[in-house]
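Per full-length UniProt numbering, the sequence shown starts with residue 1, numbered consecutively.
C-beta atoms are modelled at their ideal positions from N, C-alpha and C, and glycine is treated no differently.
First the structure, in the form of structure tokens, and then the observations on it.
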Amino acid sequence: MAAMEPEYCRTEIKEEDQDPDPEDQDQEYPNQDQEPENLEEPEEQQQSAQPGSSGSQERGGQQRTRRHCCQFCDKAFIRPTDLRKHERIHTGERAFSCDVCGKAFTAWRYLRNHGRVHSGERPHGCHVCRAAFTSSTHLKNHRRIHTGDKPYNCDHCSKTFTEANHLRNHQRTHTGEKPYICDHCEKTFTTLSPFKDHQGIHSGEKPYSCDQCEKAFTTSTHLKKHKLTHTGEKPHSCDQCGKSFALKCTLKVHQRIHSGDKPFSCEQCGKTFSQRSDLTKHEQTHSGEKRYICEECGKAFTMKYTLIIHRPTHTGERPYWCESCGRTFSHSNSLTKHQQTHNRRESTSL
1 MAAMEPEYCR TEIKEEDQDP DPEDQDQEYP NQDQEPENLE EPEEQQQSAQ PGSSGSQERG
61 GQQRTRRHCC QFCDKAFIRP TDLRKHERIH TGERAFSCDV CGKAFTAWRY LRNHGRVHSG
121 ERPHGCHVCR AAFTSSTHLK NHRRIHTGDK PYNCDHCSKT FTEANHLRNH QRTHTGEKPY
181 ICDHCEKTFT TLSPFKDHQG IHSGEKPYSC DQCEKAFTTS THLKKHKLTH TGEKPHSCDQ
241 CGKSFALKCT LKVHQRIHSG DKPFSCEQCG KTFSQRSDLT KHEQTHSGEK RYICEECGKA
301 FTMKYTLIIH RPTHTGERPY WCESCGRTFS HSNSLTKHQQ THNRRESTSL
């Protein structure tokens, strides 16, 4: 009786279907201090099954069977080293850690590219412009800016994207998926970047500092917004009234004054608002939660803004002063109201 042949895994795996490092998912290009979604594999590492191979690969006239099967999914590999690398995606093991910051990765190539963040090395340069990148994948994605190539199409709408992770993030707007959950407050997020920014609120960490005044911020976005206060630049203008703004998002909110658009509605009473922050403040009136507490007297407030207004009653600080008469105020809105009295006097005297 002939010996039975061992039954090997025969899953066909396309090169582009190989799982990226979970560390690299949902990172938003072009921030080069972040890892790309899936760095290009060295040629010798691309040993998973190719289309039409039926579980084996021909090299030098010999067939090589994919006998190393993943215990977590159906994928199979020729070499045990490739299997071990793949299984780290499932186990979460990060065997390669950075000597500088301690950040850990599932594969050496991700650590290598991360190391360039610290060294400043950017060996991959664009031949069209002067931009340079830490990884070839970042360069490849960047080139699409020049070519206009958007190879990733949304199945739900006609929108197209230059990168696979941008498509994945967009598709969550259709599915409503929010896979990132905060351990502290259980708030959920569709993408990794705002989730990390949110965690800084709980930790109190402010790693982004202004080089002009040394003020620190929890997110790079907040730092960019702050820097505009130094330059005074307001490149975004309203086409209806001519008012200009430093930020495009502020212009968008302003334009709702003209359109009357109020896209944010309260689930409890149906009241609508033009800004999400106004909705958040309003929702706290329903919950009755007072999480903002004065360190001086212990008085609690539903809104952070109300606490800020309350604090000067203890310090006596009056940082806002009128240029017309020199009178000082503890709050900016009090100064604004006061200045209107000067404006009315000027108009009546004309």
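As computed with DSSP, TRP321 is found in a beta bridge with THR328. Shown here for SER332: same chain residues with a beta carbon closer than 8 Å to its own, the five before and five after excluded, namely TYR320 in chain order. Around the CB of ASP211, fewer than 16 other CB atoms lie within 10 Å, so the residue is classed as exposed. Residue pairing of PHE195 in beta bridges, as defined by DSSP: absent, with no partner found.
Within its own chain, the residues whose Cβ lies closer than 6 Å to the Cβ of ARG256, once the five positions on either side in sequence are excluded, are SER274, listed in chain order. Taking all protein chains shown into account, TYR305 has fewer than 16 neighbouring C-beta atoms within 10 Å of its C-beta and is therefore exposed. If one requires a minimum length of 4 residues, the alpha helix (DSSP H) runs lying completely within the UniProt domain "C2H2-type" (236 to 263) are 248 to 259, in chain order. If you draw a straight line from the Cα of ARG130 to the Cα of HIS146, it is about 12 Å long. By the CB criterion at 8 Å, ARG318 and THR328 fall inside the cutoff. Residue THR106 holds the alpha-carbon nearest to the alpha-carbon of GLU87 among GLY102, THR106, HIS282, GLU163. Our two residues, GLN339 and SER330, have alpha carbons roughly 14 Å apart in a direct line. Within the same chain, SER244 come within 6 Å of SER237 by CB-CB distance, once the 5 residues on both sides are set aside.
Where ARG94 is concerned, there is no enclosing alpha helix (DSSP H), because DSSP gives it neither an H nor an E.
The Cβ-Cβ distance between ALA216 and LEU228 does not fall below 8 Å.
Pairing PRO123 with HIS184, the inter-Cα distance amounts to about 40 Å.
Counting only the Cα atoms, ILE309 lies some 22 Å from GLU323. Nearest to CYS294 by C-alpha distance, out of SER287, HIS286, PRO312, is PRO312.
In this structure, the CA atom of ASN113 is about 44 Å from the CA atom of LYS262. At a Cβ-Cβ threshold of 8 Å, HIS68 and ILE78 count as neighbours. Within a 10 Å sphere around the beta-carbon of ALA300 sit fewer than 16 other beta-carbons, which makes this residue exposed. With respect to the C-alpha of CYS269, the residue from THR173, HIS282, PRO179 having the closest C-alpha is HIS282. CA-CA distance, VAL100 to GLU93, rounds to 19 Å. Nearest Cα to SER158 within the set HIS170, LYS206, GLU205: HIS170. Between GLN240 and HIS254, the alpha-carbon positions lie close to 11 Å from each other.
As far as DSSP is concerned, HIS146 takes part in no beta bridge.
Sixteen is the threshold: when 16 or more other Cβ atoms of the shown chains lie within 10 Å of the Cβ of ASP82, as they do, the residue is buried.
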